[in-house]
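Worksheet: the structure to be examined is printed underneath.
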DNA sequence: GGAGTTACGCTACGGCTCGTAGCGAAAGCA
DNA sequence: TGCTTTCGCTACGAGCCGTAGCGTAACTCC
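Structural data, given as structure tokens:
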């Protein structure tokens with residue numbers, strides 16, 4: 001997570017329990033206080049560790065929250081629901097459920113905002129969260145191609161661009177719906193999103 | 209903006225020049241310092257006003273930045289480019305150009321993050337930014353229906369839901385592409401986005 | 001022109017958080 | 001038993017917050 005310890009063999013080892021306690025305390029503080037009122041001193045008290053221990057492991061508030069939020073997204077999975085449409089709806093609903101949790105909402109957007117002025121932080125977010133979940137798009141596409149629902153894309157570059165595009169469209173739409181429009185990404189909405197994604201606007205005029 | 213002055217007739221009026229100077233100074237501070245290091249005292253010095261004047265007009269940092277960023281999006285327009293696809297690509301490129309500016313990047317995401325725990329702030333964002341730009345989707349849809357590119361939607365509820373969905377998909381995709389994936393929303397990408405939006409995934413296998 | 005009202009600039013203040021330094025004790029390895 | 005690293009604790013200067021108080025400036029109504 002925050003600092004690899006590959007070489008150090010001697011000396012007192014860092015407490016793994018402290019790591020878990022700190023990250024859990026960070027999420028709890030995000031729920032109760034939000035991003036702006038969250039202080040590292042408060043997190044230290046909640047976790048039962050000294051404030052200096054926090055600063056020894058993380059460079060600051062940004063990096064700590066990235067790690068605390070990243071764990072939330074690891075529970076995403078893509079079970080085979082029989083069709084591409086059903087697969088998409090299933091994983092989008094999972095994603096929406098995570099974004100409905102307050103610790104994900106305030107934490108994720110805040111670190112993304114900070115990352116606009118911090119290249120290292122942006123790379124950390126990309127590695128810890130974004131790229132790790134892009135596997136879902138890849139898996140869904142491969143499965144759909146096996147079913148014959150999607151044509152094969154022999155051009156590797158074009159295929160990669162499509163994967164990136166779909167990821168931005170799906171994740172961006174859910175985030176925007178949940179955080180900016182402040183409306184729930186419920187089954188009906190996800191169904192409409194999937195329809196547009198697969199068939200486009202012109203082909204899907206009817207409701208529901 | 210921050211406080212309507214409909215009834216007050218007597219007394220010294222608030223300086224409109226100060227308003228403009230403060231909002232411009234806020235954007236400049238966002239560029240140079242980003243959200244977290246931006247302080248109201250610093251903005252006051254840049255704008256050439258007293259710090260107390262800032263607190264008399266805005267409740268805090270959040271509200272100030274919302275107003276400062278909202279002005280950036282008023283330059284969006286939807287010129288008739290002959291087809292729905294061209295209209296979409298044009299306005300999305302405009303939107304992308306705004307999001308490429310650092311004062312929009314860091315400011316917008318930060319206030320959205322804060323809004324997750326502040327209903328009044330979220331409503332302010334919705335009124336000042338989101339709903340104000342939804343006019344673009346409405347205008348584009350009406351124009352496309354006149355051209356016969358999109359079918360009419362007699363059901364008003366379903367039509368409104370579609371407009372909200374498209375807005376979330378387009379704005380969300382551009383924001384995610386620009387801020388999270390940290391890749392440019394250039395012409396090629398916008399072209400791909402438009403293609404998926406209009407025709408869907410299954411119908412558009414080939415490259416750009 | 002005077003009275004009343006509101007906005008403004010300036011100074012000062014207590015309170016909070018930050019990030020670091022320094023110390024002694026604890027927990028592992030040779 | 002030494003050596004090394006982590007940990008908890010305390011203390012500190014620095015910076016920003018948001019407000020109060022005061023005198024002055026600008027504008028309206030009489």
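Protein chains in written order, with this note's numbering: chain A, 1 to 208; chain B, 209 to 416. Glycine included, every Cβ here is placed at the ideal spot set by N, Cα and C.
{"Asked": "Given residue 381(B), which residues of its chain have a CB within under 8 Å of its CB, disregarding the five upstream and five downstream residues?", "Found": "401"}
{"Asked": "Of the residues that make up the segment 318-335 of chain B, which ones have a beta carbon closer than 9 Å to any beta carbon in chain A?", "Found": "318, 319, 320, 321, 322, 323, 324, 325, 326, 327, 330, 331, 333, 334"}
{"Asked": "Residues in its own chain within less than 7 Å of residue 344(B) by CB, not counting five upstream and five downstream?", "Found": "284, 286, 299"}
{"Asked": "CB residue 114(A) to CB residue 266(B), shorter than 9 Å?", "Found": "no"}
{"Asked": "Beta carbons nearer than 7 Å to chain B: which residues of the segment 165-179 of chain A have them?", "Found": "165, 168, 169, 171, 172, 173, 175, 176, 177, 179"}
{"Asked": "Which whole-angstrom value is the C-beta distance of residue 47(A) and residue 25(A), which I expect to be below 8 Å?", "Found": "4 Å"}
{"Asked": "With a cut-off of 9 Å, does the C-beta of residue 43(A) fall near any C-beta of chain B?", "Found": "no"}
{"Asked": "Between residue 234(B) and chain A, is there a C-beta pair that is closer than 9 Å?", "Found": "no"}
{"Asked": "Please classify residue 86(A) as buried or exposed, where buried requires at least 16 other C-beta atoms within 10 Å of its C-beta.", "Found": "exposed"}
{"Asked": "So residue 102(A) contacts chain B; which residues on that side make the cut at Cβ distance below 8 Å?", "Found": "324, 325"}
{"Asked": "Check the Cβ of residue 405(B) against every Cβ in chain A and list those closer than 8 Å, keeping chain order.", "Found": "196, 200, 201"}
{"Asked": "Could you work out which residue in 315(B), 301(B), 264(B) is closest to residue 246(B) when comparing CA atoms only?", "Found": "315(B)"}
{"Asked": "Are residue 309(B) and residue 398(B) touching if we call contact CB-CB under 9 Å?", "Found": "no"}
{"Asked": "Please report the residue range of the alpha helix (DSSP H) in which residue 119(A) lies.", "Found": "119-125"}
{"Asked": "Thinking just about the alpha-carbon of each residue, which of 201(A), 105(A), 15(A), 22(A) is nearest to the one in residue 353(B)?", "Found": "201(A)"}
{"Asked": "Would the beta-carbon of residue 84(A) fall within 9 Å of that of residue 27(A)?", "Found": "no"}
{"Asked": "Taking the alpha helix (DSSP H) that residue 397(B) falls in, what are its first and last residues?", "Found": "395-407"}
{"Asked": "What span of residues does the alpha helix (DSSP H) with residue 98(A) cover, start to end?", "Found": "84-99"}
{"Asked": "Does the contact criterion of 3 or more C-beta pairs under 8 Å hold for the segment 370-387 of chain B versus the segment 176-191 of chain A?", "Found": "yes"}
{"Asked": "Using a cut-off of 9 Å between C-beta atoms, extract the partners of residue 189(A) located in chain B.", "Found": "369, 372, 373, 376"}
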